[in-house]
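Comments concern the structure below.
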Amino acid sequence: MFQVSQHVDFCYGHRLLNDSGKFRNLQGHNGRVVIVLESDHLDSREILMDFSGIKKVVRAWIDEQLDHRIILHENDPALTSLQQLGEPRFNLPANPTAEIIAKTIFQFTNSQVFPVIKVSLWETPA
Numbered sequence: 105m106f107q108v109s110q111h112v113d114f115c116y117g118h119r120l121l122n123d124s125g126k127f128r129n130l131q132g133h134n135g136r137v138v139i140v141l142e143s144d145h146l147d148s149r150e151i152l153m154d155f156s157g158i159k160k161v162v163r164a165w166i167d168e169q170l171d172h173r174i175i176l177h178e179n180d181p182a183l184t185s186l187q188q189l190g191e192p193r194f195n196l197p198a199n200p201t202a203e204i205i206a207k208t209i210f211q212f213t214n215s216q217v218f219p220v221i222k223v224s225l226w227e228t229p230a
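Going by my numbering, the residue at position 103 of the sequence shown is 207; the numbering climbs one at a time, nothing skipped.
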C-alpha cells in the first residue's frame, strides 16, 4: 500500500447558520487542506500519482471555487446582501464547518478519479 499527500493553502470566510455563539459572525481563515491519495500499485514510473495532476485539477478548483470566497449555507440570509455587493461566494447545502468543507473537497477530488482516501482541513494553521 502506498500513500502520498498534497497540501493546498487558501483563504476563506464563513459563518454558521443558526449558531447561538460566536460562530454566527462572519470570520476569516487561512486554511490548509491536506489530500491523501492511496493505491496498491505504482505506475510505470514507480509513482502513485504525478503531483502536477493534483495541482492542475484540485488546486485549480480550490483556487477558483473556495479561495478568497465567503462560504455559506445555501439558506443563509446574508447571501442576498453579499450577492448584491458582488462578493464572491460558495454555497453549501450544510453549515460550512471545517468538516463539511473537507467533505466537499474530498467529493470533488474523488469525482476527478483521484484515489483519495482522506482530506484534512486546518483553519488558520499555526
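Glycine included, C-beta positions come from ideal geometry on N, C-alpha and C.
All of these numbers come straight from a predicted model, not from anything done at the bench.
{"Query": "Residue environment, residue 217, which counts as buried when at least 16 other CB atoms sit within 10 Å", "Result": "exposed"}
{"Query": "Distance CB(residue 142)-CB(residue 209) smaller than 8 Å", "Result": "no"}
{"Query": "Pick from 121, 126 and 107 that is closest to residue 140, judged by C-alpha positions", "Result": "107"}
{"Query": "Between the CA atoms of residue 173 and residue 192 - distance to the nearest angstrom", "Result": "5 Å"}
{"Query": "Minimum C-alpha distance to residue 114 - residue among 152, 206, 136 and 189", "Result": "136"}
{"Query": "When 138, 124, 186 and 119 are compared against residue 226, the one with the closest alpha-carbon", "Result": "138"}
{"Query": "Whole-number beta carbon distance between residue 224 and residue 206, since they are thought to touch under 8 Å", "Result": "6 Å"}
{"Query": "Backbone secondary structure at residue 127 - three-state DSSP", "Result": "helix"}
{"Query": "DSSP-derived helix/strand/coil call for residue 119", "Result": "coil"}
{"Query": "Nonlocal neighbours in the same chain, by C-beta distance under 7 Å from residue 169, ignoring five residues either side", "Result": "194"}
{"Query": "Boundaries (first-last residue) of the alpha helix (DSSP H) holding residue 215", "Result": "202 to 215"}
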